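Residues in the sequence shown are numbered from 1 upward in steps of one, following UniProt numbering. Backbone N, C-alpha and C fix where the C-beta goes; we use that ideal spot for every residue, glycine too. Just so we're clear, the structure is a prediction, and the values are computed from it rather than from any experiment. Please read the structure below before turning to the comments.
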Amino acid sequence: MENAGRKAKILAAVFASVAALGAGYYYRNDIVYELCEVVHPAWNAGEQRLSDAYGRRFTLMNGGDGTETALYDDDTVVTFRRDEAGNLIWEYGTASLLAPIAANYFAFHGIAYPGGAMDVSAMTYRPNGALEALPAPPPVSKGVSNYHGGAGRGYWGRSGTNYDGKKSDNVKQLTRKSGFGRAGVRSSGHGS
């Protein structure tokens, strides 16, 4: 008779290995971002990992020219700029991504988000009210923070990031054709 306990342990180890590989693949961009943050922070200059309203993860990249690009893990992308009123003005890419990224985008920039709506005729995402700075985070007591955020999920504004004033080296790899599949710029309605 064979040892059923030994086979069960081997089978459990195989399942755990497959699950770990799956999780590693799913979170690969977050893992690489955090490793670069530890090993060589300059590799992450002008970039920050965030999530949208649906929990999908993306990298926010500073274009260095007033534009910002949200590159999702599935390679969909939207490039936009923010005006003085806080409107997110679409430049190119998948415009429907502006609404889901708005809340965490504003939180990342230290701004309280009052909600908003997409003005399709102007290709602009407009906040519902005036934008104000987020309140200060709760005080730290006894050397322990009351806030526990994950990788790139600091919702009281940035702390210790090298995003502002730094252009992402990876943003130049994206083109105006990104986010449209094979249709490229033709489907955007805005030529080059």
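- Task: Helix, strand or coil for Leu131, going by three-state DSSP, please let me know.
- Result: coil
Query - Asn104, DSSP secondary structure in three states - result: helix
Practice task
With Ala70 as the anchor, note down where its beta strand (DSSP E) starts and where it stops.
Solution key: 67 to 72
Q.
If distances are taken between C-alpha atoms only, which option among Gly165, Ala85, Trp90 comes closest to Ala70?
A. Trp90
- If you compare alpha carbons, which of Ala16, Asp52, Phe80, Ile101 is closest to Met123? Phe80
Quiz prompt | Cα-Cα separation between Ala151 and Lys9, rounded to whole angstroms | solution = Confidence at Ala151 is low in this model, with a pLDDT of 43, below 50, so the placement of that residue should be treated as unreliable; the coordinate-derived value is given next. Roughly 33 Å separates the two Cα atoms.
### Query
What is the DSSP secondary structure of Ala45, counted as helix, strand or coil?
coil
Could you check the C-alpha separation between Leu98 and Val39 for me, to the nearest Å? 32 Å
Could you name the residues that DSSP lists as bridge partners for Arg126?
Ala117
Checklist entry - Does the count of Cβ pairs from the region 58 to 74 and the region 99 to 117 closer than 8 Å reach three? => result yes
- prompt: Helix or strand or just coil, what does DSSP make of Ser96?
  reply: helix
Review point. How about Ala112 and Leu134: do their beta carbons lie closer than 7 Å?
Key: yes
Requested in this report: Could you name the residues that DSSP lists as bridge partners for Ile10?
Outcome: In the DSSP output, where bridge partners are listed per residue, Ile10 has none listed.
* Asked: Hey, out of Ala136, Arg82, Asp65, whose CA is closest to Pro127's CA?
  -> Arg82
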